[in-house]
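Q: Before I ask anything, here is the structure I am working with.
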Amino acid sequence: MPRNAAGSSKKATKDPNAPKRPLSAFFLFSQDERPDIKKKTPSMSVGDISKEIGARWKKVSDDVKKRYEQKAAVEKQKYEVRLSEYKKSSGSGSPAKASAKGSAKAAPSKKSPKKPVGKKSAKSKSSDEDNDDDDEEDEDED
DNA sequence: ATCGTGATTGTTAGC
DNA sequence: GCTAACAATCACGAT
């Protein structure tokens with residue numbers, strides 16, 4: 024069973040950007056539940072918590088699972104892009120240009136923090152698979 | 001003090 | 001098509 028000497032996270036020092044694999048729905052679910060479980064039982068170690076999460080994972084409704092799957096699907100897409108960049112970096116001898124991005128936005132003007140209310144009222148959403156994310160991430164490039 | 005292990009399931013890539 | 005390995009996480013153990 025020891026698929027690998029380590030539980031995971033093998034030294035990623037192999038590559039400079041090391042495009043990590045897209046997290047699976049279960050992992051996304053874990054990140055959400057882990058802190059909650061930890062709050063409930065802070066004496067648990069990762070192994071025990073993982074077991075608990077695994078049990079909960081089977082208890083979550085299929086709809087919930089699907090929701091995480093969608094998120095995972097998005098991560099997967101990002102992963103593909105990440106691979107492209109990674110490949111590009113490794114493609115030519117070019118040293119990745121040392122981050123061409125000019126720092127992380129020094130002026131966080133952010134967009135209008137207004138939330139278009141009036142639409143879906145916080146409630147019922149099982150059949151309606153809506154994306155609650157009102158503002159997904161708006162990256163305005165200057 | 002620092003690194004690595006351990007457990008869960010899913011997904012991805014190689015053969 | 002199947003197999004192998006790796007993805008996050010954090011307390012605890014070993015060195």
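First residue of the first sequence: 24, per my numbering; consecutive thereafter. Positions of the beta carbon are idealized from the N, C-alpha and C atoms, including for glycine. Keep in mind it's a predicted model, so treat the numbers as computed, not measured.
(1) Is it right to say R44 is buried, meaning 16 or more other beta carbons lie within 10 angstroms of its own, or is it exposed?
(2) Start and end of the alpha helix (DSSP H) containing R57?
(3) Write down the C-beta distance between K88 and A48 rounded to the nearest angstrom, noting that I regard them as a contact closer than 8 Å.
(4) Please list, in chain order, all residues of the same chain as L51 whose beta carbon is under 7 Å from its beta carbon, the five residues on each side excluded.
(5) Rounded to the nearest angstrom, what separates D59 and A78 at their Cα positions?
(6) Is Y91 near the ligand GDP, with its Cβ less than 7 Å from a heavy atom?
(7) Since K61 and I72 are thought to touch, with beta carbons under 8 Å apart, how far apart are those beta carbons, to the nearest angstrom?
A: Short version:
(1) exposed
(2) 48-63
(3) 6 Å
(4) Y91, K94, A95
(5) 14 Å
(6) Although the ligand GDP was asked about, the structure shown includes no ligands whatsoever.
(7) 7 Å
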